[in-house]
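Everything on this sheet refers to the single structure shown next.
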Amino acid sequence: MATVGLNLVQFALLDSSGNIIANAETGLSATGVYKVADGVISAKTANITGIEVAPTQIYGNDEVVDLSTPNGSPIVALDFNDLPYDILNKLLGNVSDGKGGYVTGAKPRVAMLIGSHALNKTNMVYFGFANGQLVNPDASNGTDTNAETRADDTLTYTSLQNPNWGGKNIKTWYDADPTFDQAAMLADVFGGYVVATAPAGN
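Residue numbers (my numbering): -18 to 183.
And the structure:
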């Protein structure tokens, strides 16, 4: 279905068991999930390609007798106005030298949820990736003229298969579906995630 805009991008780092790291020091937050905030730190684009691929034609007796359809392998081109430096380094697996410098380290596994509005701008469409890795392929810097020349945080997310989704890389949701359960979606994308509940009496 058609979508309008980009309303939500959330990330979480995963441990070796595939569960999110719910720790503000070793993960992205105390809950494990980091939402790219509004304002300057906001997300600009999240372009998903490779959701499905064209089937291969199978020939026999001089005609097409079947189609072989491989799994898609989605890749997401992300553009952010300005990610916090600590979050960016954690997402990329960069390692501190203890003196303010960072070098590329082992790439962490990352879960990601993207949200966009439906055409009615009331309901939401979600794209979930339970496992993948991020790279920062480019850093383009240019001189200021009469206006600023900004270099955004442009990252590429490569998804991996999730055995809990039948070996698929991506799952989608539409919150107008009568069976939609937001808490279940979050737990599905971010393994081990628990929705915070308000204390009794509040």
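Ideal Cβ positions, reconstructed from N, Cα and C, are used throughout, including at glycine.
Apart from sequence neighbours up to five positions away, the residues of its chain that approach residue -15 with a beta-carbon distance below 8 Å are 97, 98, 99, 100 and 102, ordered along the chain. Each residue's CA atom was taken as its position, placing residue -5 and residue 64 some 19 Å apart. DSSP places residue 43 in the coil class of the three-state scheme, outside both helix and strand. Every unbroken stretch of the beta strand (DSSP E) spanning 3 or more residues and falling wholly within the region 93 to 143 is given here in chain order: 105 to 110, 113 to 116 and 134 to 140. Rounded to the nearest whole angstrom, the CA to CA distance from residue 51 to residue 163 is 30 Å.
Of all C-beta pairs linking the region 106 to 113 to the region 131 to 147, three or more are shorter than 8 Å, placing the two stretches in contact.
In the same chain as residue 45, and ignoring 5 residues on each side of it, the C-beta atoms closer than 6 Å to its own belong to 38, in chain order.
Residue -18 has its alpha-carbon roughly 17 Å from the corresponding atom of residue -11. Within the same chain, and ignoring the five residues on either side of residue 150 in sequence, the residues whose Cβ sits closer than 6 Å to its Cβ are 55, 140 and 142.
For residue -10, the beta-bridge partners assigned by DSSP are 95.
Residue 70 carries a helical assignment under DSSP once its states are collapsed to helix, strand and coil.
Apart from sequence neighbours up to five positions away, the residues of its chain that approach residue 70 with a beta-carbon distance below 6 Å are 83, ordered along the chain. In chain order, 25, 60, 61, 62 and 63 place their CB closer than 8 Å to the CB of residue 133, counting only its own chain and leaving out the 5 sequence neighbours on each side.
Taking 8 Å as the cut-off, the beta carbon of residue 173 is found no closer than this to the beta carbon of residue 68.
In the DSSP assignment, residue 37 is bridged to 49.
Judged by beta-carbon spacing, residue 108 lies beyond the 8 Å limit of residue -7, meaning their Cβ atoms are not closer than that value. Residue nearest to residue 8 within the set 136, 89 and 117 is 89 (criterion: CA-CA distance).
Under the DSSP assignment, residue 59 falls in the beta strand (DSSP E) whose first and last residues are 56 to 61. Secondary-structure assignment with DSSP links residue 76 through a beta bridge to 84. Looking at the DSSP output, residue 154 bridges to 107.
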